[in-house]
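Novice:
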Amino acid sequence: MAHTGTPAPDTGDLMKRIDTAGKFWLIGHEEDVLPGRLKFDPAAQGIELSLIGRFKSSGSPNRELDTRILGICDSGPVTLDRSFFAGNVIRSSGLDESRHHANRLFMGHHFTDPEIAVTSATIEIDHLSDWIAQTGITKQFTPRDVTSNTPSAFSASCTSTPAEASDFSRGSITLNSHWRQEETSPHQVQLNYWHSIRIEYETPQAFEVAQRDVARLQDLVTMCTDSFANLTNFSIEAPDAMVTMIDGTQTEFSQRIEFLAPSIHRKSDKTSRRSANSSNFITFAEVGGVATLANWVDHVDSFQQPLNSMMSIRHNTQMYMENKFLNIMQAAEAYHRITHSNSHVDEEEFSKLRLELVAATPAEHRDWLDEKIKFINTPTLNKRMRQLARSAGPSIRALIKNLDHWSFTIAGTRNELTHLGRKSGKITGRDLYYLSESVYIVIRSCMLLEAGVAPVELSRKADSEALLQHADRIHASIQRVRHELRET
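In the UniProt record's numbering, the protein residues as written are 1 to 488.
Structure below.
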């Protein structure tokens, strides 16, 4: 078996469990060191630190540093950020055990400055390589030759594919590939091949900025693959974090720092696994490759809040259907307000006309009239939904067969649920699910077009299985709910 390339670091799991011993202290109080046990369990308490004894000091006077605990564990230096005291327990032996919880854990470095600055962020996603659809593994099988009595043979080799990079306003985004060979026994060899996305910044950025950029890429992969993009690894590099040798010598190579945190939107292992038969809505090549990733990170700023509302229905496995529908409708209306005109006539002209109409009305009716007409210059929700569907282009033509019926039903359902109309109780959770999916698909197409995906690529998806798998159910739900809304 031939091997090429350099084995990449072991891939981790953002949700992996950690249970390690070490010693810990507060920033500025290195003399007050306590032994303890650090545990991370995303399915239970998240990041939990149990210490033998209590810190004598109250921490740093700096608000950001006051909630930060440093430590040395078996794996090296750790930083517990945004931590808080969770109580203490006095054991029967008299041992005083104090407990702390943290919202963020950095493994590999001590962050002592108030702001955690990073120069790069690298992520791995569980089905990223399926979306990329590139592999460096080549296989060759030679069948047995009976004539010459040559036995059958199988060989495999793995080569990292060339990195692809594209610039964005604050740096560059690079798609890298990695491989690793694992020999579990003399009779078994396994080749692993995967991709990672690296964001490199021109100037150091606050960690929250990198975290937001990572979330944007995670959302894009989720939208394109029609499957929750579960992070399996999230690591960063910092300006002052360099690899240190055993003798204490600091090298010029950046130290890889692993980030761990419990996710409030985490899907279970069962629901986050991608089915072997799953098909992408649109592939990495079809969206435009790394250039679109970079363009997406730059463009999302303008519609970040609608995107957050929209993706909430994808990140959470358990949500009431009413909440799911209202979340996606909030995203749709907010996105329309950002990307489309919000007035029928010029605002200044309308304000002038409104004042004239109110002035010409008897004094006792002016307040009533003003309340009635002050919002008539903005589009109705029905119209907003029609405009969004038209902006989505021909990719949704087979999904939404009658645009007027769809927009009427969607807008009417939102109004019934928001205002607790008498018909709201007749709209089933099943119908709300499929109506929500139809709105999600429309906004997704709009956002992908905004990110620079070629309209022709989305048009080719109009009859795809990934898009039409629920088409009949969506159409049936529209018909049922429309009938309920039209009944007097």
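The beta-carbon is built from N, C-alpha and C at its ideal position, and this holds for glycine as well. Given the structure is predicted, the values throughout are model-derived calculations rather than measurements.
If we count the other Cβ atoms within 10 Å of its Cβ and call it buried at 16 or more, is His100 buried or exposed?
Specialist: Reading the sequence shown from its first residue, position 100 is the one you call residue 100. With 16 or more Cβ atoms within 10 Å of its Cβ, His100 is classed as buried.
Novice: Apart from the five residues just before and just after Glu200, which ones in its own chain have a Cβ nearer than 6 Å to its Cβ?
Specialist: Taking the first residue of the sequence shown as 1, we reach residue 200 at position 200. Ser120, Gly171, Ser172, listed in sequence order.
Novice: Within 10 angstroms of its Cβ, does Trp406 collect 16 or more other Cβ (buried), or is it exposed?
Specialist: Stepping through the sequence shown from its first residue, residue 406 is reached at position 406. Label assigned to Trp406: buried.
Novice: Based on Cα-Cα distance, which residue from Asp81, Thr249, Ser477, Thr138 lies nearest to Glu115?
Specialist: Locating residue 115 in the sequence shown gives position 115, where the first residue counts as 1. When the alpha-carbon of Glu115 is set against those of Asp81, Thr249, Ser477, Thr138, the nearest one is in Asp81.
Novice: Whole angstroms is fine: what's the gap from His475's alpha carbon to Ala392's?
Specialist: The sequence position of residue 475 within the sequence shown is 475, counting from 1. The sequence position of residue 392 within the sequence shown is 392, counting from 1. Computed Cα separation, rounded: 18 Å.
Novice: Find the nearest neighbour of Ser351 within the set Asn327, Gly108, Ile376, judged by alpha-carbon distance.
Specialist: The residue you call residue 351 lines up with position 351 of the sequence shown. Checking every option, the nearest Cα to that of Ser351 belongs to Ile376.
Novice: When you compare only the Cα positions, how much space is there between Ala276 and Asp130?
Specialist: On the sequence shown, residue 276 is found 276 positions in, with the first residue counted as 1. On the sequence shown, residue 130 is found 130 positions in, with the first residue counted as 1. Its pLDDT being 43, under 50, Ala276 is placed unreliably in this model, and the value from its coordinates should be taken loosely. Straight-line Cα distance between these residues: approximately 10 Å.
Novice: Rounded to whole angstroms, what is the Cα-Cα separation between Gly53 and Leu70?
Specialist: Stepping through the sequence shown from its first residue, residue 53 is reached at position 53. Stepping through the sequence shown from its first residue, residue 70 is reached at position 70. Cα to Cα, Gly53 sits roughly 16 Å from Leu70.
Novice: Is the segment 26-46 close to the segment 92-112, with three or more CB pairs under 8 Å?
Specialist: Result yes; three or more Cβ-Cβ pairs closer than 8 Å.
Novice: Using C-beta distances below 8 Å, list every residue in its chain close to Asp298, excluding the 5 sequence neighbours before and after it, in chain order.
Specialist: Within the sequence shown, numbered from 1, the residue matching residue 298 stands at position 298. Closer than 8 Å at the Cβ level, and outside the excluded window around Asp298, lie Phe168, Ser169.
Novice: DSSP on Pro151, reduced to helix/strand/coil?
Specialist: What you label residue 151 is simply residue 151 of the sequence shown in a count that begins at 1. If DSSP states are grouped into helix, strand and coil, Pro151 belongs with coil.
Novice: Hey, Arg68 and Asp41: beta-carbon distance below 8 Å or not?
Specialist: Residue numbering aside, residue 68 sits at position 68 when the sequence shown is read from its first letter. Residue numbering aside, residue 41 sits at position 41 when the sequence shown is read from its first letter. Not closer than 8 Å, so no.
Novice: Taking the alpha-carbon positions, what's the Glu371 to Glu364 distance?
Specialist: Taking the sequence shown and counting its residues from 1, one reaches residue 371 at position 371. Taking the sequence shown and counting its residues from 1, one reaches residue 364 at position 364. Roughly 13 Å between the two C-alpha positions.
Novice: On the three-state DSSP scale, how would you describe Arg473?
Specialist: Residue numbering aside, residue 473 sits at position 473 when the sequence shown is read from its first letter. The answer is helix: DSSP assigns Arg473 an H, G or I state.
Novice: If I measure Cβ to Cβ from Thr271 and keep anything under 6 Å in the same chain, skipping five residues before and after, which residues do I get?
Specialist: Residue numbering aside, residue 271 sits at position 271 when the sequence shown is read from its first letter. With a pLDDT of 45 at Thr271, under the threshold of 50, the predicted position of this residue should be treated as unreliable, though the coordinate-derived value follows. Taken in chain order, the residues that qualify are Thr317.
Novice: Since Arg144 contacts Ser157 with CB under 8 Å, what's their CB separation in whole angstroms?
Specialist: The sequence position of residue 144 within the sequence shown is 144, counting from 1. The sequence position of residue 157 within the sequence shown is 157, counting from 1. Not quite, the Cβ-Cβ distance comes to about 22 Å (not below 8 Å), so this is no contact.
Novice: Between which two residues does the alpha helix (DSSP H) carrying Ala86 extend?
Specialist: Residue numbering aside, residue 86 sits at position 86 when the sequence shown is read from its first letter. In the DSSP assignment, Ala86 falls outside any alpha helix (DSSP H) and within the unbroken beta strand (DSSP E) covering 76-90.
Novice: Got a sec, what are the start and stop residues for the alpha helix (DSSP H) Ile125 sits in?
Specialist: Along the sequence shown, one-based indexing puts residue 125 at 125. Note, Ile125: premise wrong, no alpha helix (DSSP H); beta strand (DSSP E) at 117-125.
Novice: Report the rounded CA-to-CA distance for Pro9 versus Pro239, giving the unit in angstroms.
Specialist: Within the sequence shown, residue 9 is the residue found at index 9, counting from 1. Within the sequence shown, residue 239 is the residue found at index 239, counting from 1. Annotation note: pLDDT 39 at Pro9 (below 50); position unreliable, coordinate value reported separately. Each residue's Cα considered, the two are about 21 Å apart.
Novice: In chain order, what residues of the same chain have a beta carbon less than 6 Å from the beta carbon of Glu457, not counting five sequence neighbours either side?
Specialist: The residue given as residue 457 occupies position 457 in the sequence shown. Same-chain partners within the cutoff: Glu286.
Novice: Are there 16 or more other CB atoms within 10 angstroms of the CB of residue 492, so buried, or fewer, so exposed?
Specialist: Because the chain is modelled from 1 through 488, residue 492 falls outside the range shown and cannot be assessed.
Novice: Which ranges would you report for the beta strand (DSSP E) in the segment 18-75 if only whole runs of at least 3 residues count?
Specialist: If we require 3 residues or more, the beta strand (DSSP E) runs fully inside the segment 18-75 come out as 18-26, 34-41, 46-52, 69-73.
Novice: Mind checking which residues open and close the alpha helix (DSSP H) that includes Glu286?
Specialist: By 1-based counting over the sequence shown, the position of residue 286 is 286. That run of the alpha helix (DSSP H) goes 284-287.
Novice: Closest to Ala411 by C-alpha separation, out of Glu333, Arg430, Ala133, would be which residue?
Specialist: Translated into positions along the sequence shown, residue 411 becomes position 411. Checked all of Glu333, Arg430, Ala133; the closest Cα to Ala411 is Glu333.
Novice: Taking Cβ to Cβ, would you say Asp126 is nearer than 8 Å to Asn230?
Specialist: By one-based count along the sequence shown, residue 126 stands at place 126. By one-based count along the sequence shown, residue 230 stands at place 230. Result yes, Cβ atoms of Asp126 and Asn230 sit closer than 8 Å.
Novice: Between the segment 435-451 and the segment 310-330, do three or more beta carbon pairs fall short of 8 Å?
Specialist: yes
Novice: Considering only the alpha carbon of each residue, which of Gly421, Leu420, Met329, Ser477 lies closest to Leu381?
Specialist: As a working note, residue 381 is residue 381 in the sequence shown. For Leu381, the closest alpha carbon among the candidates Gly421, Leu420, Met329, Ser477 is that of Met329.
Novice: In chain order, what residues of the same chain lie with their CB nearer than 7 Å to the CB of Val442, ignoring the 5 residues before and after it?
Specialist: Here the question's residue 442 lines up with position 442 in the sequence shown. Around Val442: Leu388, Ala389, Ala392, Ile396.
Novice: In the DSSP assignment, find the beta strand (DSSP E) that holds residue 489 and state where it starts and stops.
Specialist: No answer is possible for residue 489: it lies beyond the span of the chain, which begins at 1 and ends at 488.
Novice: Taking C-alpha atoms, which residue in Leu467, Ser57, Glu356 lies nearest to Ile282?
Specialist: Taking the first residue of the sequence shown as position 1, residue 282 is located at position 282. Considering only alpha carbons, the answer is Leu467.
Novice: Assuming Leu293 and Ser166 make a contact with CB atoms under 8 Å, what is their CB distance in whole Å?
Specialist: Reading the sequence shown from its first residue, position 293 is the one you call residue 293. Reading the sequence shown from its first residue, position 166 is the one you call residue 166. Contact holds; Cβ gap of about 7 Å.
Novice: Should Val214 and Ile123 be called a contact, given that it needs their Cβ atoms to be closer than 8 Å?
Specialist: On the sequence shown, residue 214 is found 214 positions in, with the first residue counted as 1. On the sequence shown, residue 123 is found 123 positions in, with the first residue counted as 1. Contact flag set, yes.
Novice: Which residues in the same chain have their Cβ closer than 7 Å to the Cβ of residue 501, if we skip the five residues on either side of it in sequence?
Specialist: Only positions 1 to 488 of the chain appear in the structure, and residue 501 is not among them; the question remains open.
Novice: Applying the criterion that 16 or more other CB atoms from any shown protein chain within 10 Å of the CB defines a buried residue, is Tyr335 buried or exposed?
Specialist: Along the sequence shown, read from residue 1 onward, the residue named residue 335 stands at position 335. Note on Tyr335: 16 or more other CB atoms within 10 angstroms of its CB, so buried under the neighbour-count rule.
Novice: Rounded to the nearest angstrom, how far is the Cβ of Leu49 from that of Ala102, given a contact under 8 Å?
Specialist: Working through the sequence shown from its first residue, we reach residue 49 at position 49. Working through the sequence shown from its first residue, we reach residue 102 at position 102. Their Cβ separation, rounded to whole angstroms, is 7 Å, which keeps Leu49 and Ala102 in contact under 8 Å.
Novice: Taking its Cβ as the centre, do 16 or more other Cβ atoms sit within 10 Å of His187, making it buried, or is it exposed?
Specialist: Reading the sequence shown from its first residue, position 187 is the one you call residue 187. Exposed.
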